[in-house]
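Colleague: Below is the structure I would like to discuss, written out as structure tokens.
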Amino acid sequence: MIAFARDFKKAAARVTADLKQRAFIQRALGGYEATRDTTRRKFQNWSEARQAASEIKWEAVNRLDKYLQEFIAKLEARGTRVFVAADAGQARDYILRVAKENGVRSIIKSKSMTTEEIHLNDALEKEGHSVFESDLGEYIVQLRHEAPYHFVFPAMHLTREQISDLFQKELGSEPTNDPEALTMIARRVMRQKYVEADMGISGANFAVAETGMISITENEGNARLTCALPKIHVALLGIEKVLPRLEDLALFLPMLATMGTGQALTCYNTLYSGPRQPGEVDGPEQFHVVLLDNRRTELLADSEQRDALHCIRCGACLNVCPIFKNIGGHSYGTTYQGPIGSVITPHLRDLQNWKHLSSASSLCGACTETCPVGIDLHHHLLQNRHNAMREKPHWWEKFLYTGFVFLMCRPGLYRVAGKLGAIFFPLHKFVNGTPLDPLQNWTRTREFPSPARESFTDFWRKKKLNGEGNHGAH
Amino acid sequence: MKVSLFIPCFVDRFYPHVGVSIVKVLERLGCEVEYPEGQTCCGQPAFNSGYWDEARSVAEHSLDVFAGSDVIVSASGSCGAMMKVFYPELFKETTRHFDALKMAAKIYEFSDFLVSKLGVRDVGARFDGTVTFHDGCHGLRELGIESQPRELLKHVKGLTLIEMKEAKTCCGFGGAFAVKFPTISTAMGEVKCASLLETGADCVVSNDSSCLMQIQGMLQRQGKPTRCLHLAEILART
Chain A
1 MIAFARDFKK AAARVTADLK QRAFIQRALG GYEATRDTTR RKFQNWSEAR QAASEIKWEA
61 VNRLDKYLQE FIAKLEARGT RVFVAADAGQ ARDYILRVAK ENGVRSIIKS KSMTTEEIHL
121 NDALEKEGHS VFESDLGEYI VQLRHEAPYH FVFPAMHLTR EQISDLFQKE LGSEPTNDPE
181 ALTMIARRVM RQKYVEADMG ISGANFAVAE TGMISITENE GNARLTCALP KIHVALLGIE
241 KVLPRLEDLA LFLPMLATMG TGQALTCYNT LYSGPRQPGE VDGPEQFHVV LLDNRRTELL
301 ADSEQRDALH CIRCGACLNV CPIFKNIGGH SYGTTYQGPI GSVITPHLRD LQNWKHLSSA
361 SSLCGACTET CPVGIDLHHH LLQNRHNAMR EKPHWWEKFL YTGFVFLMCR PGLYRVAGKL
421 GAIFFPLHKF VNGTPLDPLQ NWTRTREFPS PARESFTDFW RKKKLNGEGN HGAH
Chain B
1 MKVSLFIPCF VDRFYPHVGV SIVKVLERLG CEVEYPEGQT CCGQPAFNSG YWDEARSVAE
61 HSLDVFAGSD VIVSASGSCG AMMKVFYPEL FKETTRHFDA LKMAAKIYEF SDFLVSKLGV
121 RDVGARFDGT VTFHDGCHGL RELGIESQPR ELLKHVKGLT LIEMKEAKTC CGFGGAFAVK
181 FPTISTAMGE VKCASLLETG ADCVVSNDSS CLMQIQGMLQ RQGKPTRCLH LAEILART
């Protein structure tokens, strides 16, 4: 059980020791912050936009039953097949069945974190289907057999040189430092895959209940090809992606782009409403929408933390998180990294195995401050800590805090303890920094302050005795 | 104005001069300062670790100690935030909820008290040197304190304020986080220190001694001469 926490600490230690990687990530996200700020200023009133977005998501999430039914009915009316999957296994099985029934061999995918969540690629490959990621960043991490580093920028940790080396090794291309040339290498491979693919799998950024459409935001045009070229299109999305009205996109599309990448709008924003209709000349013959619960309804039932379902996966909280910037995305070991990942992973997987992510935070609140839909992220981390300890307290922590209460509710005893600590503290120098040092988790990298001989309380008592009293100077 | 001081446990023991400086400044401004001696800790360590029942017991002690106070001034934004923001949360649906709300309404972080409650910007201080200011996250984001300490610093004679790039980035302290995840905490501290050293300022000033404990601990280990001072220590100098 503690294994996940141990892996996390090990991975975090590895990355924090890698000064080059940390500087690289800090620099990349510094650039993001600058462009995001410029773009955000184009909103007439950002705080009102945030408020509006939060209210719309609140409405959607709190009336999810109604909006999901509306969404499904509208989709089905245009011939889309909708499947509601209770968990990852059901979602995988459905998609595998569709692939099998249609004799699918080659599958092309556009970027989808929800497919990562259910480990779809592994399942498809195990059944003999070849799967290709068409988003450039995703394609790069797929070639490296790696998980995405960041759920918006999957390959942000790699330099151009590393990508060039990878392409040389995997695709036999010539070395190059030019991003455009690198893109062209991937593109040449990818175009062939599009032609061969008989199934396209995508995610969705939003699901519009009013019109029964899914909305996909992208910059490369790869999602359009994925959804339009193969004869079958499968879209997998979490049930919380629903927005009540089409006009809501007028707020959410620019908001997602601004906070996600710092763009006013991404290059392509497309709505998909069904398979090829009679009389139409292109588009997929089959369109399947798989709605994934996978414990989201449990989060929905949690009135304290329900707003975590407001998330639009813009990644803004990762980009400002000092923890993420210093430990990188892979350390988390989760599908969703950063603050939102630390908040929802204990709900989507399980609390006891993933509670360490909520503890691994200084609770600085930079995430909450930036979240465009107003999720109270760092307070949810506190709530997770509370829930975890309520369910299963650590015996030594319970002991520690029982003593803490005993002492703090007895001021006289507390003062004596403080004084004794100050008297004996000089002995600490004999163990300072050694394995015997009870403060070693602090002193290994930092100096620990010496307690003062005279505490403030001592000072105050003396001051009173000296008759200076507590009168003002005037 | 009669003011009750809240001197957090670690300030009482490790940084008593911060409390002494606050008394000096408040008395200079004509406040009648009192210090309820029964005070101990706000309960934040237990609260942040998820032990809310234990935190509630300690918090209840604080509610009792400060029950008779009209205005409370906290030497730390973080402990102030605990009392102002988290007590009402902690006592929700308990018989002490009203008391917690009452306390929340009368507690101020030190710089916020001077600027927002007393309306003072120039406290008559003098400090010859360059300083950079570090925003404690709890003060900044839970209490919304950003301009107040800067206003006060700008009115100190002889002082030049140089903003660092990462002023609002967490120093990595985070209470128990600093010892539960020391490598992450240290990495965050390194970023902070690099940013404040870049300004070349003589001093780093903050309104939270807990952040300064982290920053000072790291600077000392790195052998840097930059001094760490609480805002009150600057304002107390004449």
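These protein sequence lines map, in sequence, to chains A and B. One point on numbering: in our numbering, the residue at position 36 of the first sequence is 36, and numbering is uninterrupted. One point on numbering: in our numbering, the residue at position 223 of the second sequence is 223, and numbering is uninterrupted. Every residue, glycine too, gets a C-beta built ideally from N, C-alpha and C.
Within 10 Å of its beta-carbon, does B:Leu140 have 16 or more other beta-carbons around it, so buried, or fewer, so exposed?
Modeller: Classification for B:Leu140: buried.
Colleague: Is it a yes or a no for the stretch 321-339 of chain A touching the stretch 299-308 of chain A, going by three-plus beta-carbon pairs under 8 angstroms?
Modeller: With a cut-off of 8 angstroms, the stretch 299-308 of chain A and the stretch 321-339 of chain A do not count as touching, because too few Cβ pairs lie within range.
Colleague: If you scan the stretch 403-440 of chain A from start to end, which runs of the alpha helix (DSSP H) of 4 or more residues do you find wholly inside it?
Modeller: The stretch 403-440 of chain A contains these whole alpha helix (DSSP H) runs: 411-424.
Colleague: Please identify the residue among A:Leu265, A:Asp302, A:Thr258 and A:Pro411 whose C-alpha is closest to the C-alpha of A:Arg477.
Modeller: Past the boundaries of the shown model lies residue 477 of chain A; chain A is included only from 1 to 474, so the question cannot be answered.
Colleague: Out of curiosity, what's the CA-to-CA distance linking A:Arg224 and A:Arg191?
Modeller: Going by the C-alpha atoms only, they are around 13 angstroms apart.
Colleague: Going by Cα to Cα distance, which pick from A:Leu300, A:Arg63 and A:Ile118 is closest to A:Ala209?
Modeller: Looking at the Cα atoms, A:Arg63 is the closest of the given residues.
Colleague: Helix or strand or just coil, what does DSSP make of A:Asn326?
Modeller: Three-state DSSP puts A:Asn326 in a helix.
Colleague: Taking 7 angstroms as the threshold (beta carbon to beta carbon), is A:Cys321 in contact with chain B?
Modeller: For A:Cys321, the answer is no, since every Cβ of chain B falls outside 7 angstroms of its Cβ.
Colleague: Is it true that the CB of B:Phe91 sits closer than 7 angstroms to the CB of B:Ala81?
Modeller: Contact: no.
Colleague: Rank A:Gln44, A:Gly467, A:Trp460 and A:Pro438 by C-alpha distance to the C-alpha of B:Ile22 and give the top, closest one.
Modeller: Comparing Cα positions, the closest option is A:Trp460.
Colleague: Chain A partners of B:Phe177, CB-CB under 9 angstroms?
Modeller: The contacting residues are Ser359, Ala360, Ser361, Ser362 and Leu363.
Colleague: Looking only at its chain, what residues have a beta carbon closer than 6 angstroms to the beta carbon of B:His97, apart from the 5 residues adjacent to it on each side?
Modeller: Here the set comprises Phe91.
Colleague: Give me the residue from A:Arg187, A:Thr226 and A:Glu180 with the minimum Cα distance to A:Ser487.
Modeller: Because chain A here runs from 1 to 474, residue 487 of chain A falls outside it and cannot be looked at.
Colleague: Check whether the Cβ of B:Ile215 lies closer than 7 angstroms to any Cβ atom in chain A.
Modeller: Closer than 7 angstroms: no.
Colleague: Kindly indicate which residue of B:Ile7, B:Val20 and B:Ser4 has the alpha-carbon position closest to the one of A:Lys462.
Modeller: For A:Lys462, the nearest C-alpha among the options comes from B:Val20.
Colleague: List the residues of chain B whose Cβ lies closer than 9 angstroms to the Cβ of A:Phe83, in chain order.
Modeller: Correct list: empty, because the minimum Cβ distance to chain B is about 38 angstroms.
Colleague: Assess, as a yes-or-no matter, whether the stretch 133-150 of chain B is touched by the stretch 103-111 of chain B under the definition of 3 or more beta carbon pairs within less than 8 angstroms.
Modeller: Touching, yes.
Colleague: Within 7 angstroms of any Cβ in chain B, is that where the Cβ of A:Cys409 sits?
Modeller: With 7 angstroms as the cut-off, A:Cys409 counts as an interface residue toward chain B.
Colleague: Starting from B:Leu159 and walking both ways along the alpha helix (DSSP H), at which residues does that stretch end?
Modeller: Here B:Leu159 belongs to no alpha helix (DSSP H); instead the beta strand (DSSP E) covers Lys157 to Leu161.
Colleague: Where DSSP assigns a beta bridge to A:Asn269, which residues make up the other side?
Modeller: Answer is A:Thr217.
Colleague: Does A:Ile163 come out as helix, strand or coil in the three-state DSSP assignment?
Modeller: Note: A:Ile163 maps to helix in three-state DSSP.
Colleague: Output, in sequence order along the chain, the residues in the stretch 156-176 of chain B whose CB is closer than 7 angstroms to any CB in chain A.
Modeller: If the cut-off is 7 angstroms between Cβ atoms, the stretch 156-176 of chain B has Thr169, Cys170, Gly172, Phe173 and Gly174 near chain A.
Colleague: Give me the residue from A:Pro451, A:Thr443, A:Glu454 and A:Asn466 with the minimum Cα distance to B:Lys180.
Modeller: Closest option to B:Lys180, Cα to Cα, is A:Thr443.
Colleague: Please report how far the alpha carbon of A:Asn177 lies from the alpha carbon of B:Arg56, in whole angstroms.
Modeller: So the alpha carbons of these two residues sit roughly 59 angstroms apart.
Colleague: Suppose contacts are defined by Cβ-Cβ distances below 7 angstroms. Is B:Thr95 in contact with B:Thr199 by that definition?
Modeller: Contact flag unset, no.
Colleague: Can you give me the Cβ contacts of A:Gly328 inside the same chain, cut-off strictly under 7 angstroms, excluding the 5 residues immediately before and after it?
Modeller: Excluding positions up to five away in sequence, the list reads Val15, Gln21, Ile25, Tyr149 and His157.
Colleague: Curious, which full-length alpha helix (DSSP H) runs of at least 4 residues does the stretch 39-125 of chain B contain?
Modeller: The qualifying runs are 44-48, 52-65, 77-81, 87-90 and 97-106.
Colleague: Given that a residue counts as buried once 16 or more other Cβ atoms are within 10 Å of its Cβ, and exposed if not, what is A:Ile312?
Modeller: Looking at its Cβ environment, which holds 16 or more other Cβ atoms inside 10 Å, A:Ile312 is buried.
Colleague: For the stretch 40-51 of chain B, which residues have a beta carbon sitting closer than 8 angstroms to at least one beta carbon of chain A?
Modeller: Flagged, chain order: Thr40, Cys41, Gly43, Pro45, Ala46, Phe47, Asn48, Ser49, Gly50 and Tyr51.
Colleague: I need the straight-line Cα distance from A:Glu55 to A:His378, nearest angstrom please.
Modeller: Roughly 20 angstroms separates the two Cα atoms.
Colleague: Buried or exposed: A:Glu218, going by 16 or more other Cβ atoms within 10 Å of its Cβ?
Modeller: Buried, since its Cβ has 16 or more Cβ neighbours within 10 Å.
Colleague: At what residues does the beta strand (DSSP E) containing A:Ser112 begin and finish?
Modeller: From DSSP, A:Ser112 is part of no beta strand (DSSP E); its letter is neither H nor E.
Colleague: Just to make sure I have the definition right: I need the residues of chain B whose C-beta is within less than 7 angstroms of the C-beta of A:Ala388. Which are they?
Modeller: Residues of chain B passing the Cβ test: Gly50.
Colleague: Taking the alpha carbon of B:Arg150 as the reference point, which residue from B:Gly172, B:Gln216 and B:Val120 has its own alpha carbon closest?
Modeller: Of the candidates B:Gly172, B:Gln216 and B:Val120, the one whose C-alpha sits nearest the C-alpha of B:Arg150 is B:Val120.
Colleague: Using the three-state DSSP reduction, which class does A:Asp18 fall into: helix, strand or coil?
Modeller: Of the three classes helix, strand and coil, the one that applies to A:Asp18 here is coil, per DSSP.
Colleague: Near A:Ile477, which residues of its chain fall below 6 angstroms by C-beta distance, leaving aside the five closest residues on each side in sequence?
Modeller: Outside the modelled stretch of chain A, which goes from 1 to 474, sits residue 477 of chain A, for which no answer is possible.
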